[in-house]
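*Asks:* Per our numbering, the very first residue in the sequence shown carries number 1; after that it's consecutive.
My questions will all concern the structure given below.
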Amino acid sequence: MKPDSTAAVELRDLQLKADIGTYGPDDCRPEVHLLDLTLGIAVNQVLIPHDGMAWVFDYDPLIAEIDRLAADGHYETQERLMTRIAGACAAYPAIQHIEMCLRKLPVRSGSGSLGVRLTLDERATTALRPDPAQLA
């Protein structure tokens, strides 16, 4: 049964400083890689009893980690960077489900965008979480 109430943190059009892909001399190289991210969280982290960071999901450390991962080196594929971002998101127990799209532009002759989309439900997100036994 689906819950009647949901909450999410939405990040749109975050420009990543990423080096992705292998291109020949005549290939169109993307000028930008943009990340869209929707993170399902508990409703009680949006409908809060008092104003203060203690009541909400603090997304700033996650964004810093995404920036770090993007700049971590060369990626041959968007999918590998997305895998690492999904793992970083799943490391936060407050995140219940994840949807992301990483797209590059332009694709050809200064036009178009091409992206890869990933949607992880609660079970798939939980499966990505680090094993607490391995952290000890």
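Every residue gets a Cβ at the ideal spot worked out from N, C-alpha and C, and that includes glycine.
None of the values given here were measured: they were computed from a predicted structure.
#1: Which of helix, strand or coil does DSSP assign to G73?
#2: Applying the criterion that 16 or more other CB atoms from any shown protein chain within 10 Å of the CB defines a buried residue, is P93 buried or exposed?
#3: Grouping DSSP H, G and I as helix and E and B as strand, with all else coil, what is A8?
#4: Compare the Cα-Cα distances from I95 to each of E31, L47, E122 and Y75 and report the closest residue.
#5: Name the residue from I63, W55 and D58 whose alpha carbon lies nearest to the alpha carbon of D13.
*Replies:* Short version:
#1: What you label residue 73 is simply residue 73 of the sequence shown in a count that begins at 1. Coil at G73, not helix or strand.
#2: To locate residue 93, count along the sequence shown from 1; it is residue 93. Counting Cβ neighbours within 10 Å, P93 comes out exposed, since fewer than 16 surround it.
#3: Taking the first residue of the sequence shown as position 1, residue 8 is located at position 8. Strand.
#4: Within the sequence shown, residue 95 is the residue found at index 95, counting from 1. Minimum Cα distance to I95 is reached at E122.
#5: Position 13 of the sequence shown holds residue 13. Ranking the options by Cα distance to D13, first place goes to I63.
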